Every structure is written in structure tokens, then in C-alpha cells.
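For the numbering used here, count along the sequence shown from 1 and bump the result up by 173. Built from N, CA and C at the ideal position, the CB exists for glycine as well. Quick caveat, the model's predicted, so the values are computed rather than measured.
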Amino acid sequence: MKIVVVLSLLVAVSGYDSKEFRKYFDAIDKNHDGKITLLEWIIHYRKYDVDADGIVSLKEFATSLLPETLPAVVKATYSFYDKMDGVSDGVLRYSLMDTAFTYHDVNHDGIICFNEYEFTCKKVIPLAPLRKVI
Ligand SMILES: [Ca+2]
Ligand SMILES: [Ca+2]
Ligand SMILES: [Ca+2]
């Protein structure tokens, strides 16, 4: 019984829940074939850019995530992607998409499967709970 409690606590502390990642994955995987292609990735990214000025601001990024996402996670994810294009300048540009896609496509076969997505996302937000632990 004690072991069960400890394990539940560990899950709560780490905050990693495959269902959360699955929600994001399914949102990107437009045709729901369990694979994210570069085209689906780009289409999804363009939706983030609400005012269509070519960049995704932190505010635009934050509003596109699940509402229960912690601000710390939003910031950590945003700054991770911000650095990914080589310049940490506080904006996300479309040019980042290729690099980000390649990053998530661990085995470089041109497709991001759920396992790759979950694995790489966990590296982006180490130890941060995805949602508020009540
Ligand atoms: Ca797909
Ligand atoms: Ca914008
Ligand atoms: Ca892959």
C-alpha cells in the first residue's frame, strides 16, 4: 500500500502524463494516422501565429497551449524553441520549424511518431509539471 502511495506521488511530482502529450500530438496530427509529417507540423505552427505577422510571440504561444498549462512550462518551452534557431531573441520564426521538426524526429525518417514526440517533449520541459497539481 505504501509503495502505491509513493509511486503516485512520484507521478504527481514529475507531472508527466502521456495523456497530456497525446492531446498535443493529436492536435498536430491532422489526419489522425498516428504520424506527424512536416506539412502537418507547419500547418499547426501557422495556427499559433494568430496575427499572421510571421512570428509567434510568447503570448500567441501561451494561448495556443492547453489552458491548464503552468506559466513556467509555457516559458520553458518557449525559450527552448527560441534558442533552437540559434538566436535567443524572444520570438519564434517560421524558419525554426524545420529545426524543431528535425529535433522531434529522433530517428530522422521524416515522421514524428508519438513515442518520439513524448520523449523529446520530456527533454524540453525537464521536471516541470504540465498542469497544476491539486
Ligand atoms: Ca498525420
Ligand atoms: Ca504573431
Ligand atoms: Ca521519426
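Verify whether the separation of the beta carbon atoms of Phe234 and Tyr218 is less than 8 Å.
-> No. Outside cutoff.
Entirely enclosed alpha helix (DSSP H) segments - the segment 189-215, minimum 4 residues = Those alpha helix (DSSP H) runs which fall completely within the segment 189-215 and span 4+ residues are 191-201.
Could you please give the first and the last residue of the uninterrupted alpha helix (DSSP H) stretch that includes Ser237?
-> Going by DSSP, Ser237 is part of the alpha helix (DSSP H) stretching over 231-237.
Glu289: beta carbon under 7 Å from a heavy atom of ligand 3?
-> Checking the Cβ of Glu289 against ligand 3 gives yes.
Which of helix, strand or coil does DSSP assign to Leu243?
-> It is coil, neither helix nor strand.
Sequence-distant residues of the same chain with beta carbon closer than 6 Å to Glu291, five excluded per side | Cβ within range, chain order: Phe194.
Burial state of Ile209, where buried means 16 or more other Cβ atoms lie within 10 Å | Under this definition Ile209 is a buried residue.
Skipping 5 residues on each side, what residues in its chain have a beta carbon closer than 7 Å to that of Ala273?
-> Taken in chain order, the residues that qualify are Tyr254, Met257.
So the alpha helix (DSSP H) Asp271 belongs to, where does it begin and stop?
-> Per DSSP, Asp271 belongs to the alpha helix (DSSP H) from 269-277.
Could you check where the alpha helix (DSSP H) with Asn280 kicks off and where it finishes?
-> Where Asn280 is concerned, there is no enclosing alpha helix (DSSP H), given that its DSSP letter is neither H nor E.
Is it the case that the CB of Asp202 approaches a heavy atom of ligand 1 more closely than 7 Å?
-> Asp202: yes, Cβ under 7 Å from ligand 1.
Tell me where the alpha helix (DSSP H) around Val264 begins and ends.
-> DSSP places Val264 outside any alpha helix (DSSP H), giving it a letter other than H or E.
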